[in-house]
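Read the structure below first, then the notes.
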């Protein structure tokens, strides 16, 4: 501001210098000098008053805090420099989803590892006693790498923020408590026991990772919905296709786990359904198989297909009796699967009914609104001297129906 005033004053002096006498020039310079001194004095006074007011306000605040402390009220004391550094360091350790550049990639790796475990872990438990599988099973290093990934995710989860009342929590203690109350026990048992005591001894505890199945399949559903939206499908169609895909994924996962469980139970008993198939009991097998009479229990593919077939028939039709249990454990498991089949059938029928009823409800709404438009058009037609053309009448009805249809699906 000083530069602009000096520039303006110099320009004015140069313009008027040629028209002034020497006395007038001297008087003008003296006046300008007085004006500059006056402005500097005013600025100094303003700055001094502002600083004085700030110091007075700070003193008042400090006095109020001292008085409140003396009265016994809880007043937050100002943090000293060391406490501020500690708080800043803690804040930097917290990982906020959506703001971290690497958290999304890590979650993709973690979810992919969990998905691989959901498929392979039950299969391993079902066939780990098979002589054929012992020759083909992967190296133990793969399982150790998977457990290390889970261990790293446990550490990351201890610092990953969560939503609390629509806001991300910034308290490290709250984040730790939230994780301990949630998945900490499941993660620690399924990860630390195999790493410490060996993969063979505690491999079954890895099935506890099914605790995260909703998170993993939810991510798959979101990815499918995103792809369908990119393809230009409407919102309603995206929801229906996503629902069907989720249903298929859950169904195949349940069939896979139940099938592997049926094989595991069959290998634990000397007189099981697998033993009967291996001996070629015509009453249970039905005469012959791909390999002739009897089933080779060391043929893992054939055993797995047979088990999956048994699970599907038991879930959908309570079984045909061609494959059945022979021991008490197999009978109990078979009853559990039969009851699950009742629930699965009811859920499927209810889901299909919801899909059909949603379409029916939409069509009823469109028909009702179209009738209202027709009534309005008839009243409007009677109030005019000229009638509507049939083309205009049909166009209005078509426009109304398409408008409601578009509003619903978009």
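Residue numbers (this note's numbering): 77 to 486.
No residue lacks a Cβ here, since even glycine has one placed at the ideal position from N, Cα and C.
Rounded to the nearest angstrom, how far is the Cβ of residue i from that of residue j, given a contact under 8 Å?
i, j, result
"residue 318", "residue 291", "About 16 Å separates the two Cβ atoms, so there is no contact after all."
"residue 338", "residue 409", "7 Å"
"residue 347", "residue 402", "6 Å"
"residue 413", "residue 334", "6 Å"
"residue 431", "residue 316", "6 Å"
"residue 382", "residue 417", "With 8 Å as the limit, residue 382 and residue 417 do not qualify as a contact, their Cβ atoms being about 18 Å apart."
"residue 489", "residue 450", "Since the displayed the chain opens at 77 and closes at 486, residue 489 lies outside it and no answer follows."
Leaving out five residues before and five after residue i in sequence, what residues of the same chain have Cβ atoms less than 6 Å from its Cβ?
i, result
"residue 107", "none"
"residue 336", "198, 199 and 202"
"residue 244", "172 and 237"
"residue 233", "255"
"residue 226", "267"
"residue 471", "none"
"residue 345", "403"
"residue 250", "none"
"residue 176", "none"
Would the beta-carbon of residue i fall within 7 Å of that of residue j?
i, j, result
"residue 340", "residue 202", "yes"
"residue 262", "residue 293", "no"
"residue 281", "residue 269", "yes"
"residue 387", "residue 324", "no"
"residue 297", "residue 313", "no"
"residue 265", "residue 252", "no"
"residue 246", "residue 186", "no"
"residue 507", "residue 302", "This structure gives no information on residue 507, because the portion of the chain shown stretches from 77 to 486."
Exposed or buried, residue i, counting other C-beta atoms within 10 Å across all chains shown (16 or more means buried)?
i, result
"residue 184", "exposed"
"residue 406", "buried"
"residue 467", "exposed"
"residue 429", "exposed"
"residue 181", "exposed"
"residue 353", "buried"
"residue 307", "exposed"
"residue 97", "exposed"
"residue 426", "exposed"
"residue 423", "exposed"
"residue 258", "exposed"
"residue 377", "exposed"
"residue 475", "exposed"
Under 6 Å: does the beta carbon of residue i sit that close to some heavy atom of the ligand SAH?
i, result
"residue 230", "Absence of the ligand SAH is noted for the structure shown, with no ligands found whatsoever."
Starting from the C-beta of residue i, find all residues in its chain whose C-beta is less than 8 Å away, skip the five residues before and the five after it, and write them out in chain order.
i, result
"residue 189", "222, 225 and 226"
"residue 220", "271 and 275"
"residue 350", "339, 342, 343, 371, 373 and 379"
"residue 65", "As displayed, the chain neither begins before 77 nor continues past 486, which places residue 65 out of reach and without an answer."
"residue 195", "332"
"residue 415", "none"
"residue 359", "Only weak support is given to the placement of residue 359: the predicted model assigns it a pLDDT of 44, under 50, and the question is left unresolved by the model."
"residue 205", "343"
"residue 152", "Because the pLDDT at residue 152 is just 47, under 50, the model does not fix this residue reliably, and the value given afterwards should be weighed accordingly. Contacts found: none."
"residue 390", "410, 413, 414 and 417"
Counting only the same chain and skipping the five closest in sequence on each side, list residues whose C-beta sits under 7 Å from that of residue i.
i, result
"residue 179", "171 and 173"
"residue 305", "314"
"residue 384", "331 and 335"
"residue 130", "none"
Report task. Only counting runs of 4 or more residues, tell me where the alpha helix (DSSP H) segments fall wholly within the segment 276-316, in order along the chain. Result -> 289-306
Query raised in the report: For the segment 214-274, which segments carrying the alpha helix (DSSP H) assignment without a break, of at least 4 residues, lie completely within its bounds, in sequence order?
Result: 216-233, 248-257 and 260-273
Requested in this report: May I have a chain-ordered list of the alpha helix (DSSP H) segments no shorter than 4 residues that lie completely inside the segment 373-405?
Outcome: 376-393
Report task. Can you check the segment 174-198 for any alpha helix (DSSP H) of at least 4 residues that lies completely inside it and give the ranges in chain order? Result -> none
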